[in-house]
Amino acid sequence: MSLTRTPRRPLLAVAGLAAALSLGLTACQVADVPTETPAPASSPASSSASSSASPSASASSQAASPTETRAASASASESPSASAAPTSEAPASSSPTASTPAAAPSSAAAAAGEATVYWVSPAGSGHQGVEFPGCGELLVESTVKASGSGEVGTTERVEAGIEALLEDRTYEHSNGLINALYQSELSVEDVSIEGDTVTVDLTGQPMSAGSCADPQIIGQLEYTATANAGTYTAEVLVDGTPIQEFMSQKG
């Protein structure tokens, strides 16, 4: 029995051709399939940057909310301040405030710095005044400036009025009123007020121009004292002696 041998070369050629065709088809399929470009691997630095950027962005977005909240709070806090304006209140200060009017000064306080004196109006001069025991004259009230006089009813006020009489050295003034004390050498020692009586202690020497001048001097001193003391009666002493008695003892 004879065997027929198939030559190897043609088989190898066929196998090689089949393999080539298979590779060609595979290459065509691979070429037809769209390729996806892989994302480049992020480096550690870029990963850190990305990770740090994300918290920053998140922090920024979160920080914006508190800022806006604070702004809103500030606006809300400013609104009450603007609407609730503080009201002015009177200080304990000193001094009257705009909201509390100052108390009107009393007539006694308003007259501080002044004093009341009485001059003598000769009979028939036409002045209106107070009658007193004398020679038909009148006592006429007048107001003079007197520093440190105080208020009516104080000893300072009485002293200021008496001193205004004693310091005046003019006998007859331009209005026709006279001062019977113009040449007396008297000064105030003490003044006291008790109840409805004011007592004036003088020292020195009263000088009288005549019998009619004695009641004039006494009247001027007594009426001036009571007007400034706010009392009804006055007692005038000269070196401890009532002025009426002192005047009657002169030679």
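In the numbering used here, the protein residues as written are 1248 to 1498.
C-beta: ideal position from N, C-alpha, C; glycine also.
This structure is a prediction, so every number in the text was calculated from the model and none was measured.
At a Cβ-Cβ threshold of 8 Å, Val1391 and Val1447 do not count as neighbours.
Approximately 15 Å separates the beta-carbon atoms of Val1399 and Tyr1365; this is outside 8 Å, ruling out the contact.
Following the DSSP letters along the chain, one finds Ala1474 inside the alpha helix (DSSP H) bounded by residues Ala1460 to Ala1476.
The region 1418 to 1426 and the region 1434 to 1451 do not touch, with fewer than three beta-carbon pairs separated by less than 8 Å. One thing to note: Thr1473 has its Cβ within 8 Å of the Cβ of Thr1480. By the 16-neighbour rule on beta-carbons within 10 angstroms, Thr1417 is exposed. Under DSSP, Thr1363 shares a beta bridge with Thr1390. Here the C-alpha atom of Pro1380 lies approximately 21 Å from the C-alpha atom of Thr1363.
When C-beta atoms of the region 1458 to 1473 are compared with those of the region 1364 to 1378, three or more pairs fall below 8 Å, so the two segments count as touching. By a beta-carbon distance limit of 8 Å, Ile1409 does not contact Val1445. Their separation comes to about 10 Å.
Close CB contacts of Gly1395 within its chain, under the 7 Å cut and outside five residues either way in sequence, are with Glu1403 and Ala1407 (chain order). Checking the DSSP bridge columns, you'll see Ala1481 partnered with Val1445. A straight line joining the alpha-carbon of Gln1496 with that of Val1483 spans about 16 Å. DSSP places Ser1495 in the helix class (H, G or I) of the three-state scheme.
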